[in-house]
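Taking it in order: structure first as structure tokens, then the write-up.
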Amino acid sequence: MGFPDRIERTVEIAHPPARVWAALTTAEGLGSWFGNAATIDLRPGGAAQLTWTDGQKASMRIERVEEPTVFGYTWGIYGLPDDDPRHTYVEFTLVPTGTGTRLTVVETGFAQLPDDEYRTAFGANTDGWAHELGELVEYLDANAA
Amino acid sequence: MPTRPDIEAVAEEVFTALADSSRRAILAALAAGGPATATDLATRLPITRQAIAKHLALLAEAGLVAAEPGERRRVRYRLRSAPMQVAQQFLAALARDWDRQLDALQEHLNTLAADRPARTKKAKERS
Numbered sequence: 033m034g035f036p037d038r039i040e041r042t043v044e045i046a047h048p049p050a051r052v053w054a055a056l057t058t059a060e061g062l063g064s065w066f067g068n069a070a071t072i073d074l075r076p077g078g079a080a081q082l083t084w085t086d087g088q089k090a091s092m093r094i095e096r097v098e099e100p101t102v103f104g105y106t107w108g109i110y111g112l113p114d115d116d117p118r119h120t121y122v123e124f125t126l127v128p129t130g131t132g133t134r135l136t137v138v139e140t141g142f143a144q145l146p147d148d149e150y151r152t153a154f155g156a157n158t159d160g161w162a163h164e165l166g167e168l169v170e171y172l173d174a175n176a177a
Numbered sequence: 007m008p009t010r011p012d013i014e015a016v017a018e019e020v021f022t023a024l025a026d027s028s029r030r031a032i033l034a035a036l037a038a039g040g041p042a043t044a045t046d047l048a049t050r051l052p053i054t055r056q057a058i059a060k061h062l063a064l065l066a067e068a069g070l071v072a073a074e075p076g077e078r079r080r081v082r083y084r085l086r087s088a089p090m091q092v093a094q095q096f097l098a099a100l101a102r103d104w105d106r107q108l109d110a111l112q113e114h115l116n117t118l119a120a121d122r123p124a125r126t127k128k129a130k131e132r133s
């Protein structure tokens, strides 16, 4: 039960949505508060990349662009290989308030299943390994004598 | 979601394996040096061969190492990364620090506002 799939935060920001939107969706904005530098092709299907001075990188695929209320992207799960199919989806929602913006960020997909290849590996493992190992050990014991 | 308990179970097996210092040492040795036999591991680690064999059997049953035929018919054990990557998903969720990022966003916006009428942060830094 402990596997967290969804992370959600809401913050009240004392700046209007247009400003927050710019910080979230421009290379200048993203490269200031999120990474140390950024590139972004702001359209659904477009690519964005964050880089940090320590050499880390994050590649994103833009999924939703509804200025100035919804910005969504997918990116890889930290620590998994770059070509791993598992990705999380991050969505920022901006709601104007009397004093600024209510910003909500939701990231989902941490608990997604591995793809079929991995699933097959897991399944095969639970069925067969104890049995196969037993046979192997018997074989080796028989041959060691 | 009948499949959900599967990744839970996989993550749990990884963390259970990692909770024991001998098993951590065995997994670390396989990660660092590649596939090895129980005998190889016994020469490299301060763990008896019997204990290593016992731990390897447990790790193999959990799918964290795979047994494969090696030279002279000795069984070699290879680290399996798929379960580790499931555990990594779990760790990534715990390590995702949106609180810090959102603080940085607010700070960025406050700095921009304070900088006005300077056009950008860079313009200010240059001056």
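If you read the sequences in order, they're chains A and B. Numbering-wise, the numbering used here puts 154 at position 122 of the first sequence, and it's gapless, one number per residue. Numbering-wise, the numbering used here puts 33 at position 27 of the second sequence, and it's gapless, one number per residue. Every residue gets a Cβ at the ideal spot worked out from N, C-alpha and C, and that includes glycine. Predicted, not measured: the structure shown is a model, and the values here were computed from it.
Judged by their CB atoms, L70 (chain B) and A23 (chain B) are nearer to each other than the 9 Å cut-off. Comparing alpha carbon positions, the residue from A:L82, A:P113, A:F35 closest to T58 (chain A) is A:L82. Among the residues facing chain B, L112 (chain A) is included, as its CB has a counterpart in that chain under 9 Å away. Counting C-beta pairs closer than 8 Å gives three or more between the stretch 106 to 123 of chain B and the stretch 47 to 58 of chain A, which meets the contact rule. Excluding its 5 nearest sequence neighbours in each direction, V81 (chain B) has C-beta neighbours in its own chain below 8 Å: T43, A44, A73, E74, P75, listed in chain order. With at least 16 other beta carbons inside 10 angstroms of its own, P89 (chain B) counts as buried. In terms of beta-carbon proximity, F103 (chain A) stays away from the interface with chain B, with every pair separated by 9 Å or more. The DSSP-derived three-state label of T57 (chain A) is helix. Under the three-state reduction of DSSP output, Q81 (chain A) falls in the strand class.
Exclusion of the five residues before and after A48 (chain B) leaves T54, R55, I58 as the residues of its chain whose Cβ lies within less than 8 Å of its Cβ. The closest CA to that of K89 (chain A), considering only A:L112, A:G67, A:E99, is found on A:G67.
The C-alpha of H119 (chain A) lies about 41 Å from the C-alpha of R79 (chain B).
Per DSSP, the continuous alpha helix (DSSP H) segment holding E67 (chain B) begins and ends at 55 to 67. A straight line joining the alpha-carbon of G61 (chain A) with that of A54 (chain A) spans about 6 Å. The beta carbon of D121 (chain B) sits no closer than 9 Å to any beta carbon of chain A. Only exposed fits E77 (chain B), as fewer than 16 other CB atoms lie within 10 angstroms of its CB.
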